[in-house]
Amino acid sequence: GKAMSHRKFERPRHGSLGFAPRKRTKHRFGKIKSFPKDDASKAPHFTAFMSYKAGMSHIVRDVDRPGSKLHKKEVAESVSIVETPPMVVVGFVGYVETPRGLRALTSVWAGHLSEEVKRRFYKTW
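So in the working numbering, spot 62 of the sequence shown is number 66, and the numbers just go up one at a time.
If you want it as C-alpha cells, here you go:
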C-alpha cells in the first residue's frame, strides 16, 4: 500500500521548536527597543539609529596581546556586516507622564513627505 516511510533509527531533533517555523519575518523593518536616559537639560536630539544586520564575513587580523600564545600571529575571525541606511525624520511623538508610565499625547508629521515614505504607509500604492 501507500504507507509513509519511517526512520530505521531514532535520532535527536535538529534545533529547538521554540524557533519554529524557520522562515523570513513578515515585518522587514527593525524596532528600537531601548533608549538612553533622557537628559532634560539638553536640546532635543537623536538618541538612537536604525541599522540592519546584512550578513556575516570574516577577517584575518594580527593579535596584539602580549603573553598570549597567539601574540603577533594572524587569526581568522567572523564579523557581522551592519548596514545603516540614511534616516529621515518624518515626524515626532509627544508623550505625557501618567501613573502607568508614558502615554502618547500627540503626533506631529513633517510638512512634506517624499513619495517613498508615503508608499510605505499604503498596502496597495
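The beta carbon of each residue, even a glycine, is placed where N, CA and C say it ideally should be.
C-beta atoms of residue i and residue j nearer than 8 Å
i, j, result
"G98", "L109", "yes"
"E81", "D66", "no"
"V94", "W113", "yes"
"Y56", "G34", "yes"
DSSP beta-bridge partners of residue i
i, result
"T102", "G105"
"W113", "G95"
Alpha-carbon spacing of residue i relative to residue j, whole angstroms
i, j, result
"S84", "M54", "15 Å"
"R104", "D43", "21 Å"
"F50", "I36", "12 Å"
"T88", "R32", "14 Å"
"R26", "Y126", "28 Å"
"A52", "S38", "9 Å"
"G115", "F96", "12 Å"
"F13", "L21", "21 Å"
"P48", "S118", "24 Å"
"W129", "P40", "36 Å"
"A7", "V121", "54 Å"
"K18", "A24", "Reading off the sequence shown, one finds His at residue 18, where the question assumed Lys. So the two alpha carbons sit approximately 11 Å from each other."
"T102", "V64", "53 Å"
"K46", "S111", "21 Å"
"T29", "R15", "29 Å"
"H10", "R124", "47 Å"
Integer Cβ distance of residue i from residue j, believed to fall under 8 Å
i, j, result
"A58", "V86", "7 Å"
"H75", "R69", "5 Å"
Within the stretch 45 to 111, note down every full beta strand (DSSP E) run reaching 3 residues or more, in order along the chain. 56 to 66, 78 to 87, 95 to 102
What are the start and end residues of each continuous alpha helix (DSSP H) run of 4 or more residues lying completely inside the stretch 7 to 32, in chain order? none
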